[in-house]
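J.:
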Amino acid sequence: MTEPLTTENPLGTYLRNRRTKLDPTALGFPSERRRTVGLRREEVAQRANISPTWYTWLEQGRGGAPSADVLDRIARALMLTDVEREHLFLLGLGRPPEARYRKSEGVTPRLQRVLDALDPSPAVIRTAIWDVVAWNRAATVMLIDYGSLPPDRRNILRFIFLDPRARGAQYDWQSVARFALGSFRVDAARAGAAAEVESLVEELCRLSPEFRAMWRENDVHGAHGEAVKHIRHPLLGRLAFEYSAFAVDGRPDLSMVVYNPATPQDAERIKSLLA
C-alpha cells in the first residue's frame with residue numbers, strides 16, 4: 052500500500068517521488084513481487100551506502116537533519132540532475148550544496164543562435180574561470196577573434212594580461228585589469244573552482260609581473276553584473292558599451308556577457324563594419 056503524499060514532510064515526499072522514477076531492473080534489482088513502482092527504500096539505502104533505518108526516518112520526517120554527505124550519497128543513488136540535487140539540499144538543509152566546478156564542453160546550437168541574434172552587440176559565453184566557449188561575429192570584430200586561438204588559450208585573463216591588444220583597447224588598463232581580476236576571484240570561488248584556477252594563476256604570475264602584484268592584493272569585486280565600458284577600436288576609434296553579465300539558464304557553470312552599444316550612433320558604426 053503506497054503512502055499518501057503530504058506537504059508536512061516535503062523532503063520525504065520528494066525522496067519518495069524520485070525513487071518511484073527509477074527502474075529497479077536497470078539498476079540490477081529484481082523486478083518481481085513489487086507492490087509499487089520504482090525502488091524500495093532499502094534499495095535506495097543500499098545504493099547510497101547508508102542505513103535502511105536512517106533512510107526510512109528521512110522519508111518519515113524523523114531523526115533530524117541529514118548531513119551534506121548523506122544528501123550527496125542519496126542524490127547519486129537516485130541519479131538526480133544538478134537542479135534536482137540542489138532542490139534536495141534546499142529541502143534537507145535549507146541551503147544549496149557547495150559548488151562543484153565541472154569543465155564546460157561548449158554550448159548548444161540553440162545558445163549559439165542566441166549569441167548570433169545579438170549582433171551588433173558583441174557577446175560571449177564564458178565559464179566560471181573565464182574561458183570563452185562561444186562568441187558571436189560582433190565579438191570577433193570588436194573584441195578578439197577567439198576562433199583564431201587554440202581552445203586552451205581562449206581565456207579572458209590571459210588576453211587582458213598577456214596580449215598587447217588588450218592594453219591598446221583600454222583607456223585605463225590598470226583599472227580594468229584590477230577590476231576584472233577582483234570579479235574573476237568571486238566567480239571562481241562561487242563555482243568551487245579553486246583547483247582549476249591554480250594552474251592558470253601560476254602561469255600568469257610567471258608571465259606577468261602586473262598580474263602577480265594584483266593577485267597578491269586579494270581584492271574582490273562582486274557588483275560586476277552591469278557597467279559601462281569604453282574601448283579604443285583600431286578602425287572605429289572610441290566606443291562605449293553597456294556591459295551586462297547574465298547567468299545561463301540550466302547551466303550554472305556558464306555566464307553570458309553582452310556589450311550593448313551605448314548609443315545608436317555606436318551601433319550604426321558597428322553595423323557598418325560588420326557589413
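Residues in the sequence shown are numbered consecutively from 52, following the numbering used here. All residues carry an ideal CB built from backbone N, CA and C; glycine is no exception.
Thinking C-beta only, is D304 closer than 7 angstroms to A179?
T.: The residue labelled residue 179 in the question sits at position 128 within the sequence shown. The residue labelled residue 304 in the question sits at position 253 within the sequence shown. Closer than 7 angstroms, so yes.
J.: Which word fits A128, buried or exposed, when buried means at least 16 other C-beta atoms lie within 10 angstroms of its C-beta?
T.: Taking the sequence shown and counting its residues from 1, the one referred to as residue 128 is at position 77. A128 is buried by the Cβ-count criterion.
J.: From V165 to G198, what distance separates their C-alpha atoms?
T.: Taking the first residue of the sequence shown as 1, we reach residue 165 at position 114. Taking the first residue of the sequence shown as 1, we reach residue 198 at position 147. Each residue's Cα considered, the two are about 18 angstroms apart.
J.: To which residues of the same chain is V192 closer than 7 angstroms at the C-beta, ignoring the five residues directly before and after it?
T.: Stepping through the sequence shown from its first residue, residue 192 is reached at position 141. For V192, where only same-chain residues beyond five positions count, the Cβ hits under 7 angstroms are L324, L325.
J.: Quick check on the DSSP output: what are the complete alpha helix (DSSP H) runs of length 4 or more inside the segment 128 to 171, in order along the chain?
T.: 133 to 144, 160 to 168
J.: Are V183 and R236 close, meaning C-beta to C-beta below 7 angstroms?
T.: Within the sequence shown, residue 183 is the residue found at index 132, counting from 1. Within the sequence shown, residue 236 is the residue found at index 185, counting from 1. Not a contact, by the Cβ cut-off of 7 angstroms.
J.: Since D182 sits in a beta bridge, which residues does DSSP pair it with?
T.: As a working note, residue 182 is residue 131 in the sequence shown. The partner list for D182 (beta bridge, DSSP) reads N206.
J.: Determine the extent of the beta strand (DSSP E) in which G288 is found, giving its start and end residues.
T.: The residue given as residue 288 occupies position 237 in the sequence shown. DSSP places G288 inside the beta strand (DSSP E), whose first and last residues are 288 to 299.
J.: Return the CA-CA distance between M130 and E83, expressed in angstroms with no decimal places.
T.: The sequence position of residue 130 within the sequence shown is 79, counting from 1. The sequence position of residue 83 within the sequence shown is 32, counting from 1. Between M130 and E83, the C-alpha separation is close to 22 angstroms.
J.: Given this structure, state the Cα-to-Cα distance separating V279 from R241, to the nearest angstrom.
T.: Taking the first residue of the sequence shown as 1, we reach residue 279 at position 228. Taking the first residue of the sequence shown as 1, we reach residue 241 at position 190. For V279 and R241, the distance between alpha carbons rounds to 24 angstroms.
J.: Have a look at M52 and R86 and give me their C-alpha separation to the nearest angstrom.
T.: Here residue 52 refers to the residue found at position 1 of the sequence shown. Here residue 86 refers to the residue found at position 35 of the sequence shown. The pLDDT assigned to M52 is 41, lower than 50, so where the model puts this residue is not dependable; a value taken from the coordinates is nonetheless given after this. Cα atoms of M52 and R86: separation of roughly 7 angstroms, rounded to the nearest angstrom.
J.: Measure the alpha-carbon distance for L73 versus Y222 and round it to whole angstroms.
T.: The residue given as residue 73 occupies position 22 in the sequence shown. The residue given as residue 222 occupies position 171 in the sequence shown. Roughly 57 angstroms separates the two Cα atoms.
J.: Since L169 and N187 should fall inside the 8 angstroms C-beta cutoff, what is the C-beta to C-beta distance between them, to a whole number of angstroms?
T.: Locating residue 169 in the sequence shown gives position 118, where the first residue counts as 1. Locating residue 187 in the sequence shown gives position 136, where the first residue counts as 1. Confirmed, about 6 angstroms.
J.: On a CA-only basis, which of T107, F262, P171, A246 is nearest L232? Give me that one, please.
T.: Counting from 1 along the sequence shown, the entry for residue 232 is found at position 181. Considering only alpha carbons, the answer is F262.
J.: Is it buried or exposed, T71, if we count other Cβ atoms within 10 angstroms and call 16 or more buried?
T.: The residue given as residue 71 occupies position 20 in the sequence shown. Counting the other CB atoms within 10 Å of its CB gives T71 a total below 16, which places it among the exposed residues.
J.: Measuring only the C-alpha atoms, how far is A119 from H138?
T.: In the sequence shown, residue 119 corresponds to position 68, counting from 1. In the sequence shown, residue 138 corresponds to position 87, counting from 1. Rounded to whole angstroms, A119 to H138 spans 13 angstroms at the Cα level.
J.: Would you mind stating whether A220 and R283 have Cβ atoms separated by less than 7 angstroms?
T.: Walking along the sequence shown from the start, residue 220 turns up at place 169. Walking along the sequence shown from the start, residue 283 turns up at place 232. It is a contact, given that the beta carbons lie within the stated cut-off.
J.: If G157 and A185 are in contact, beta carbons under 8 angstroms, what's the gap, nearest whole angstrom?
T.: As a first step, residue 157 must be located in the sequence shown, where it is residue number 106. As a first step, residue 185 must be located in the sequence shown, where it is residue number 134. Indeed they touch by this definition, with Cβ atoms about 7 angstroms apart.
J.: So what does DSSP say about L305, is it helix, strand or coil?
T.: By one-based count along the sequence shown, residue 305 stands at place 254. In this structure, L305 counts as strand in the three-state DSSP scheme.
J.: How would you label N206, buried or exposed, when you count the other beta carbons within 10 angstroms and need 16 or more for buried?
T.: Within the sequence shown, the letter at position 155 stands for residue 206. Classification for N206: buried.
J.: If you draw a straight line from the alpha carbon of Y106 to that of S234, how long is it in whole angstroms?
T.: In the sequence shown, counting from the first residue as 1, residue 106 sits at position 55. In the sequence shown, counting from the first residue as 1, residue 234 sits at position 183. In a straight line, the C-alpha of Y106 is about 41 angstroms away from that of S234.
J.: Would you kindly work out how many angstroms separate the C-alpha atoms of T159 and T104, rounded to a whole number?
T.: The residue you call residue 159 lines up with position 108 of the sequence shown. The residue you call residue 104 lines up with position 53 of the sequence shown. Distance between the alpha carbons of T159 and T104: 43 angstroms.
J.: Considering only C-alpha positions, which residue in the set G115, V88, E149, I176 is nearest to D300?
T.: For the purposes of this step, residue 300 is taken as the residue at position 249 of the sequence shown. Measuring from the Cα of D300, the nearest candidate turns out to be I176.
J.: Using a Cβ-Cβ cut-off of 8 angstroms (strictly less than) and excluding sequence neighbours within five positions of Y65, which residues of its own chain qualify?
T.: Here the question's residue 65 lines up with position 14 in the sequence shown. Excluding positions up to five away in sequence, the list reads H138, L139, L142.
J.: For R229, collect the residues of the same chain with a Cβ closer than 6 angstroms to its Cβ; drop the 5 residues on either side in sequence, then sort them by chain order.
T.: Taking the first residue of the sequence shown as 1, we reach residue 229 at position 178. M265.
J.: Alpha carbon to alpha carbon, how far is P171 from A245?
T.: Within the sequence shown, the letter at position 120 stands for residue 171. Within the sequence shown, the letter at position 194 stands for residue 245. Whole-angstrom Cα-Cα distance: 35 angstroms.
J.: Thinking just about the alpha-carbon of each residue, which of S250, P61, G243 is nearest to the one in E149?
T.: On the sequence shown, position 98 is the one that residue 149 refers to. It is G243 whose Cα lies nearest to the Cα of E149.
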